[in-house]
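Report on the following structure.
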Amino acid sequence: MERRETETPAREEIDVGTISRQIQKVIDDTHGKSGALIRVLQQTQGFVGYLPPPVLEIISRYLKVPLSEVYGIVSFYHFFTMVPRGRHVIQVCLGTSCYVKGGQKVLDTLKKEYNLEPEEITPDGKFSLETVRCLGCCGLSPVMAIGDAVHRKVKPGDVKGILSSYQ
Amino acid sequence: MKRLTSIKELQALAEQARQKLAERERKIQVKVHRGTCGIASGANNVLEAFLREVEARKLSDVLILKASCIGLCDREPVVSVILPGKQRVLYCNVTVDKVPGIIEEHLMKGKAIKEWVADEDAPWFKLQEIRIMHNQDLDPSNIEEYLARDGYQALAKVLTQMKPEEVLEEVRKSGVRGRGGAGFPTGTKWGFVRSATGDEKFVLCNGDEGDPGAYMNRAVLEGNPHSVIEGMVIGAYTIGNVRQGYAYIRAEYPLAIEAMSNALRQAEEYGFLGENILGTGFNFSIDIFPGAGAFVCGEETALMRSIEGKRGNPRQRPPFPANKGLFDKPTTLNNVETWSNIPQIIWKGADWFSSVGNKQNKGTKTLCLVGKTSNTGLVEVPLGITLNQLVYDIGGGIAEGKKFKAVQLGGPSGGVIPAKHADTPIDYEAVPALGAIMGSGGVIVLDEDNCMVDIAKFFLGFTQDESCGKCTPCQAGIPKLREILTRISEAKGTMEDINLLSELGGMVAEVSLCGLGQTAPNPALTTIRHFRDEYEAHIIDKRCPAGVCRSLVAFHAVEDKCYPCLESVAGYDAGGYEAFKALLPELIPDRVMEKLRNGGCAVDLARFLMTVPAQNKSCTKCPPCRLASAQMIRLLDAIATGNGNRETLDLLIELGDTMKTGSECPVGKTAPDVVLFALEHFREQFEAHILDKRCPAGICQKVVTYHTICPLRAAVPIQAR
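In the order they appear, the protein sequences are chains X and G. Here my numbering runs 3 ahead of the position in the first sequence, where the first position is 1. Here my numbering runs 1218 ahead of the position in the second sequence, where the first position is 1.
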């Protein structure tokens, strides 16, 4: 357990004791509901930010579900991530409407200007980049979401300006 | 709020709610429509501005209200203003700056500001039949507003006056078909589950709207959540032995999950859910299950696995979910929109429901009209409306005067219908006859700038990512299909590839385990069927008629943005550089001179011409060419962005000379020519950038961006026909 922990990229940020208590609370709250594992993972990601191996081990132990199965779920659903995210998560929509209206160009601009690939994080931890398949704002396409804010009709030239408004 | 324990209490409360709404009508109402799109466009700021401004002016007879999405997605934020006894007026693209104007002119003086108002006589409004979205002018977070519009009356009627068989008969009679895409008759489906043996059954709501380009379900969940809940309770009563329902909503829709959670909480509080509903002894509750981002979970067996907390892998059918579904119990899964139709079918009658639509397709359908039409957004139309009406009348035709090419229906499982079949009615028979599927309602309009090979490749890429990997045809077949498409898009395809696509596609469709694999080849198969000539153009002529596939694009200059030289570098990738180099000596004195005299910018031109030979073509062997060219581009960048000084100019000349004399071969020896030429003849332009920080031609801006698609980083592609 201890050895594994040192392997995770952001070990300083993981306080296993506190997280264990939080996870226990989440499990108590979801008691009796179906699909407890997915709910617990969703809420845990909510307060930890991501799901590194030590966290998965805690969940596996508490829910009495094999670690392989927990990993199976985490790797199956796009919502879960095992790598840390930036303070601001940039989601570039590559749904059909955004794609035909130039979402790929927005993504290319981000890749080039910020030297970021999808699923990567900037060295200062400020931004991380993800692509999504449809945020359901097709009337405003192409769209890019940063955190909860959806930016509409984004042109490649707008990207720098939008990102510069985030600290 | 005390739980309602009888129908009588419900009626009293509904009457109260109706009166409240009627009272509101006597005042001036301002309704800010707040869907996800509206909020993304700033609806919350507009709402605050109205509250602030009305407060400041002490307008006591003005009510500022919240309402749900109205479907005008590209004109958000939208605000309705209703003066007592008058028709509503819809303000589009409202910004905080416009708020004082609307208040002073319209609210205070009673005169609408015509320029900002949507024309409600336009076909966009006239051709719609608003039924499911009929509460779009109400606040979805307030259950009493739903009650005022006959909300939960259908439930009361069902629980007290109808036997389950009668409800089932009414649903059958209405002819409503599953709105998730397949169009299976809902009454028949319920009948199967009702007659299945089991003392515990489930009803599920499929809100895992994964099709890119479709967001109807999100709008219904956000805008009319109680109709979905009411439908589910009626369904539970009809099927029997159901005590628990689940609403599976995808995690990408946080606002929909919030709206639904709030609605569920209220429904429970008022006694429409939980134990002893409305005092009738009927028990049923609903829980939300937030999806975790897997497209395959829209498939029924996968969705059920997911609710069980497992990987969303589909399984073999039969047994069908009607017999063995969630936790192996008989289960019905219906789409959000199907559930939302149920209360109206019961309350207004099957005949009312089937009064619109055509022979086998009754009722209305919400559609997301997106892509290249002038108007985009969410519409609700009678089934059987033609694509022509949708694209030209409702959508207002293709934006920017481009040519209508096709519509894509049904997302990654669907296909394209070409413009020549635009008289096809949108229903569950005519659309599949052309190889597409109805799907959940995403209508993506494509114009002449969209390449069909690219669209097929896009969707295959999507299904490849989303395949769960369980069965081989889907897991191995889809990447293969995509590989062939990629080959064609890179001009490496052969005519045999088209046959291979059809054959392999047919095989994947036939033997895959679940709907994802069975429908995944559709985008490729339908584009081949309807746009075979475009595939052939990629293969035989090695060109992309729409100018999308990068390796096949030839570049043309757009007159006022580029330099005339570019007209001659068509096909830059395929030996175009040689042609370009041959033109250089000729270009410099005459055509470039002419362009510069006619308003070109020397700095920008020098930078551009420097980039092509030096950066792209230096073999990097000798340092003068390798290092100086990059350095010169940086200096030119600095000048163009207003960061240069006189020394920059001197350094440029010095570097240019060094490069000319020190380089080993003609690439390096000739590259600085353009810069030195420009400096010599148009020095005043360089100085304007440095000293006045301005570009006389108005071309250089603080941030110089180039169109990313062009390998020369300067041109804008147009059709290479």
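C-beta: ideal position from N, C-alpha, C; glycine also.
Here's a check: name, in chain order, each residue in its chain whose Cβ is nearer than 7 Å to the Cβ of residue i, leaving out the five neighbours to either side.
{"i": "Tyr-74 of chain X", "result": "Leu-59"}
{"i": "Lys-1911 of chain G", "result": "Gly-1860"}
{"i": "Asp-1355 of chain G", "result": "Lys-1249, Ala-1285, Ser-1298"}
{"i": "Cys-1840 of chain G", "result": "Ser-1881, Glu-1882, Gly-1886"}
{"i": "Lys-1214 of chain G", "result": "Since the first residue shown for chain G is 1219 and the last is 1939, residue 1214 of chain G is missing from the structure and cannot be characterised."}
{"i": "Gly-1405 of chain G", "result": "Leu-1386, Val-1389, Arg-1390"}
{"i": "Tyr-1488 of chain G", "result": "Met-1219, Arg-1221, Leu-1222, Ile-1361"}
{"i": "Ser-23 of chain X", "result": "Ile-61"}
Taking the alpha carbon of residue i as the reference point, which residue from the options has its own alpha carbon closest?
{"i": "Arg-1270 of chain G", "options": "G:Ala-1240, G:Val-1317, G:Lys-1284", "result": "G:Val-1317"}
{"i": "Cys-1913 of chain G", "options": "G:Gly-1256, G:Gly-1862, G:Arg-1242, G:Arg-1397", "result": "G:Gly-1862"}
{"i": "Tyr-1646 of chain G", "options": "G:Glu-1243, G:Pro-1636, G:Leu-1627", "result": "G:Leu-1627"}
{"i": "Leu-1345 of chain G", "options": "G:Gly-1401, G:Val-1599, G:Gly-1369, G:Lys-1245", "result": "G:Val-1599"}
{"i": "Asn-1459 of chain G", "options": "G:Lys-1332, G:Pro-1382, G:Thr-1642", "result": "G:Pro-1382"}
{"i": "Ser-63 of chain X", "options": "X:Val-92, X:Phe-50, X:Gln-27", "result": "X:Gln-27"}
{"i": "Leu-1308 of chain G", "options": "G:Glu-1273, G:Val-1335, G:Ile-1282, G:Gly-1489", "result": "G:Val-1335"}
{"i": "Arg-1244 of chain G", "options": "G:Gln-1305, G:Leu-1228, G:Ala-1694, G:Ala-1267", "result": "G:Gln-1305"}
{"i": "Gln-1693 of chain G", "options": "G:Leu-1734, G:Gly-1449, G:Ile-1246, G:Glu-1905", "result": "G:Leu-1734"}
{"i": "Glu-1493 of chain G", "options": "G:Arg-1461, G:Thr-1519, G:Pro-1341, G:Leu-1521", "result": "G:Arg-1461"}
{"i": "Gly-89 of chain X", "options": "X:Ala-39, X:Lys-129, X:Gly-150", "result": "X:Lys-129"}
When burial is assigned at 16 or more other CB atoms within 10 Å of the CB, is residue i buried or exposed?
{"i": "Asp-1791 of chain G", "result": "Because Asp-1791 of chain G sits at a pLDDT of 36, beneath the cut-off of 50, its placement in the model cannot be relied upon, and the following sentence gives the value as read from the coordinates. Looking at its Cβ environment, which holds fewer than 16 other Cβ atoms inside 10 Å, Asp-1791 of chain G is exposed."}
{"i": "Cys-1883 of chain G", "result": "exposed"}
{"i": "Asp-1429 of chain G", "result": "buried"}
{"i": "Gly-20 of chain X", "result": "exposed"}
{"i": "Gln-1234 of chain G", "result": "exposed"}
{"i": "Gly-1401 of chain G", "result": "buried"}
{"i": "Arg-1529 of chain G", "result": "buried"}
{"i": "Phe-1826 of chain G", "result": "buried"}
{"i": "His-34 of chain X", "result": "exposed"}
{"i": "Val-1787 of chain G", "result": "For Val-1787 of chain G, the pLDDT reaches just 35, beneath the cut-off of 50, and the residue's location in the model is therefore unreliable, leaving the point undetermined."}
{"i": "Phe-50 of chain X", "result": "exposed"}
{"i": "Arg-42 of chain X", "result": "buried"}
{"i": "Lys-1542 of chain G", "result": "buried"}
{"i": "Gly-1724 of chain G", "result": "exposed"}
{"i": "Thr-1254 of chain G", "result": "buried"}
{"i": "His-1774 of chain G", "result": "Residue placement at His-1774 of chain G cannot be trusted, given a pLDDT of 38 that sits under 50; what the coordinates show is reported in the next sentence. It is buried - the Cβ of His-1774 of chain G has at least 16 other Cβ atoms within 10 Å."}
{"i": "Thr-1591 of chain G", "result": "buried"}
{"i": "Glu-1470 of chain G", "result": "buried"}
{"i": "Pro-1472 of chain G", "result": "exposed"}
Terminal residues of the continuous alpha helix (DSSP H) containing residue i?
{"i": "Phe-1545 of chain G", "result": "Unbroken run through Phe-1545 of chain G: none, as it is neither H nor E."}
{"i": "Cys-101 of chain X", "result": "99 to 103"}
{"i": "Gln-94 of chain X", "result": "Where Gln-94 of chain X is concerned, there is no enclosing alpha helix (DSSP H), although the beta strand (DSSP E) it sits in stretches over 91 to 96."}
{"i": "Thr-1313 of chain G", "result": "Element bounds for Thr-1313 of chain G: n/a, residue is neither H nor E."}
{"i": "Glu-123 of chain X", "result": "Glu-123 of chain X -> no alpha helix (DSSP H), and no H or E assigned at all."}
Which residue marks the beginning of the beta strand (DSSP E) containing residue i, and which one marks its end?
{"i": "Val-1460 of chain G", "result": "1460 to 1467"}
{"i": "Ile-1504 of chain G", "result": "1500 to 1508"}
{"i": "Gln-1354 of chain G", "result": "No beta strand (DSSP E) contains Gln-1354 of chain G, which DSSP labels as neither H nor E."}
{"i": "Asp-1665 of chain G", "result": "1660 to 1665"}
{"i": "Gly-1874 of chain G", "result": "Counting along the chain, Gly-1874 of chain G falls outside any beta strand (DSSP E), though it belongs to the alpha helix (DSSP H) covering 1864 to 1880."}
{"i": "Ser-71 of chain X", "result": "From DSSP, Ser-71 of chain X is part of no beta strand (DSSP E) but of the alpha helix (DSSP H) over 70 to 79."}
{"i": "Pro-1539 of chain G", "result": "Where Pro-1539 of chain G is concerned, there is no enclosing beta strand (DSSP E), given that its DSSP letter is neither H nor E."}
Using a Cβ-Cβ cutoff of less than 6 Å, which residues in the same chain neighbour residue i once the five nearest sequence positions on both sides are dropped?
{"i": "Lys-1327 of chain G", "result": "none"}
{"i": "Val-77 of chain X", "result": "Leu-54, Phe-83"}
{"i": "Glu-1363 of chain G", "result": "Leu-1356, Asp-1357"}
{"i": "Ala-1648 of chain G", "result": "Thr-1642"}
{"i": "Pro-1630 of chain G", "result": "Phe-1677, Phe-1680, Thr-1681"}
{"i": "Asn-1435 of chain G", "result": "Gly-1425, Glu-1427, Val-1554"}
{"i": "Pro-1890 of chain G", "result": "Gly-1874, Met-1877, Lys-1878"}
{"i": "Ile-93 of chain X", "result": "Phe-130, Leu-132, Ile-149"}
Residues in its own chain within less than 8 Å of residue i by CB, not counting five upstream and five downstream?
{"i": "Arg-1750 of chain G", "result": "Ile-1716"}
{"i": "Lys-1407 of chain G", "result": "Gly-1396, Ala-1540, Thr-1550, Asn-1552"}
{"i": "Glu-1526 of chain G", "result": "Leu-1544, Phe-1545"}
Run the proximity test for residue i: is its beta-carbon closer than 8 Å to any non-hydrogen atom belonging to the ligand PLP?
{"i": "Lys-114 of chain X", "result": "The ligand PLP is not among the ligands present in this structure, which contains no ligands whatsoever."}
* Asked: How do the segment 1580 to 1596 of chain G and the segment 1462 to 1477 of chain G stand: do at least 3 beta-carbon pairs fall below 8 Å, yes or no?
  -> no
* To do: Report yes or no: do three or more beta-carbon pairs, one from the segment 1509 to 1516 of chain G and one from the segment 1384 to 1392 of chain G, lie closer than 8 Å?
  => no
* Counting pairs of beta carbons, one from the segment 1435 to 1453 of chain G and one from the segment 1286 to 1293 of chain G, are three or more of them closer than 8 Å? -> yes
* **Sufficient close CB pairs (3 or more, under 8 Å) joining the segment 1667 to 1674 of chain G to the segment 1735 to 1752 of chain G** => yes
* **Three CB pairs or more closer than 8 Å across the segment 82 to 102 of chain X and the segment 134 to 144 of chain X** => yes
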